[in-house]
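Structure record follows, encoded as structure tokens.
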Amino acid sequence: MLLGLQLVRLGFWLALSGGWVSSASNGSRGAVMQIIKVIALITMTLISGFIHSSTRDLSPEEKASLDIKQLAKAVEYYHQEFGRYPTDEQGLSVLNREIFVSKDCPCKKVKLLNGLPEDPWGRDYLYLMPGENNSEGFDIWTNGADGLSGGTGINRGCGNWDDLKCELTEQNDTLEAVFLLLTIGFGVGLPPYIAGVYLSYRKGNSINSSLFGYHLGVLFYLVFVLLLSVILPSAL
């Protein structure tokens, strides 16, 4: 929210002060430097927010979902190589052992997984073949935080069948949306900005002062209004 207000404030200031900056003499370089500092500060704030967003910790449900998908793929690969799924007695631990890739070439060995993941609460994932919920395949699941079947919320658990799909929180797609809107905003705003710089320079203004003006304020609004449409809803 604070970042959004900063962007709005900057856009108003650029638009209102644009005419003064473009007609000022070389002595206004201090004002120009202030604009550059503000732009640099906001850019660093955006980058910091993007990095934080992209490196956020996974929720327990997200980790469980990724683990179960990884385990299910490894079990399917085992099925392709051996023509059957691991038995209940073998369990998921067989995926972490050196096994023969081919009966015709017992010299080849491979681990399907380098270590078995634990669920977000430090327990082994459960495996059943044939599955009660996937009768022609297998079930992989976790019972959630309390380790008991059933429950709601964080105790609900999740598995590889529809009735127990992991209840994922809404994915944070802000980063991708911001970069997309930046591209659109600059793509739309740069042509009129370049035209404004050219016309200002043709009027006799220096190249430095021509870079700043109403056309710069328009560019910022085209970019930041689009950004605010993503940033503000996620901040509320």
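Throughout the sequence shown, residue numbering follows the UniProt record's numbering, covering 1 to 236 in sequence.
Backbone N, C-alpha and C fix where the C-beta goes; we use that ideal spot for every residue, glycine too.
Everything numeric in this text was worked out from a predicted model, so none of it was measured.
So who's on the other strand from G144, going by DSSP bridges? Working through the sequence shown from its first residue, we reach residue 144 at position 144. Bridge partners of G144: none, in fact.
If we ignore side chains and look at the alpha-carbon of each, how far apart do Y201 and L180 end up? Within the sequence shown, residue 201 is the residue found at index 201, counting from 1. Within the sequence shown, residue 180 is the residue found at index 180, counting from 1. Answer to the nearest angstrom: the Cα atoms are 31 Å apart.
So the alpha helix (DSSP H) L66 belongs to, where does it begin and stop? As a first step, residue 66 must be located in the sequence shown, where it is residue number 66. Here the alpha helix (DSSP H) through L66 covers P60 to F82.
Take E132 as the anchor and find which of D124, W141 and Y125 has the nearest alpha-carbon. Stepping through the sequence shown from its first residue, residue 132 is reached at position 132. Measuring from the Cα of E132, the nearest candidate turns out to be W141.
Inter-residue Cα distance where the pair is A195 and G217: By 1-based counting over the sequence shown, the position of residue 195 is 195. By 1-based counting over the sequence shown, the position of residue 217 is 217. A straight-line Cα-Cα distance of about 14 Å links A195 and G217.
Determine the extent of the alpha helix (DSSP H) in which I207 is found, giving its start and end residues. The count along the sequence shown starts at 1 and reaches residue 207 at position 207. I207 -> alpha helix (DSSP H) spans I207 to S210.
Tell me whether the stretch 148-158 and the stretch 87-96 touch, counting them as touching only if at least three CB pairs, one residue from each stretch, are closer than 8 Å. Contact check between the stretch 148-158 and the stretch 87-96: fewer than three CB pairs, one atom from each, fall below 8 Å, which does not count as touching.
Opening and closing residue of the beta strand (DSSP E) in which Y127 lies: Residue 127 sits at position 127 when you count from the first residue of the sequence shown. First-last of the beta strand (DSSP E) with Y127: L126 to L128.
Ignore the nearest five residues each way along the sequence and tell me which others in G144's own chain have a CB closer than 7 Å to its CB. In the sequence shown, counting from the first residue as 1, residue 144 sits at position 144. Around G144: G151, I154, N155, R156 and G157.
So who's on the other strand from C158, going by DSSP bridges? Here the question's residue 158 lines up with position 158 in the sequence shown. According to DSSP, which records beta bridges pairwise, C158 is partnered with T142.
Spatial neighbours of S23 within its chain, please: CB distance less than 6 Å, with the 5 preceding and 5 following residues excluded, ordered by chain position. The residue you call residue 23 lines up with position 23 of the sequence shown. Reliability fails at S23, whose pLDDT of 44 lies under 50, so the model's placement of it is uncertain and no value is given.
Roughly how many whole angstroms lie between the Cα atoms of L7 and L58? Locating residue 7 in the sequence shown gives position 7, counting from the first residue. Locating residue 58 in the sequence shown gives position 58, counting from the first residue. Because the pLDDT at L7 is just 49, under 50, the model does not fix this residue reliably, and the value given afterwards should be weighed accordingly. In a straight line, the C-alpha of L7 is about 29 Å away from that of L58.
Exposed or buried, what is Q171 when buried is set at 16 or more other beta-carbons lying within 10 Å of its beta-carbon? Reading the sequence shown from its first residue, position 171 is the one you call residue 171. Residue confidence is low: Q171 scores 47 on pLDDT, short of 50, so the model does not pin down where it sits. Its coordinate-derived value is still stated next. Around the CB of Q171, fewer than 16 other CB atoms lie within 10 Å, so the residue is classed as exposed.
Does the Cβ of G213 have 16 or more other Cβ atoms within 10 Å, making it buried, or fewer, making it exposed? Along the sequence shown, one-based indexing puts residue 213 at 213. Counting Cβ neighbours within 10 Å, G213 comes out buried, since at least 16 surround it.
Close beta carbons around I207, own chain, < 7 Å, minus the five adjacent residues each side: Translated into positions along the sequence shown, residue 207 becomes position 207. Residues of the same chain with a CB within less than 7 Å of the CB of I207, apart from the 5 flanking positions on each side, are Y201 in chain order.
In this structure, what does DSSP give as the bridge partners for E132? Position 132 of the sequence shown, counting from 1, holds the residue named residue 132. None; E132 has no bridge partner.
Taking the beta carbon of E61 as the centre, do at least 16 other beta carbons fall within 10 Å, making it buried, or is it exposed? The residue given as residue 61 occupies position 61 in the sequence shown. Label assigned to E61: buried.
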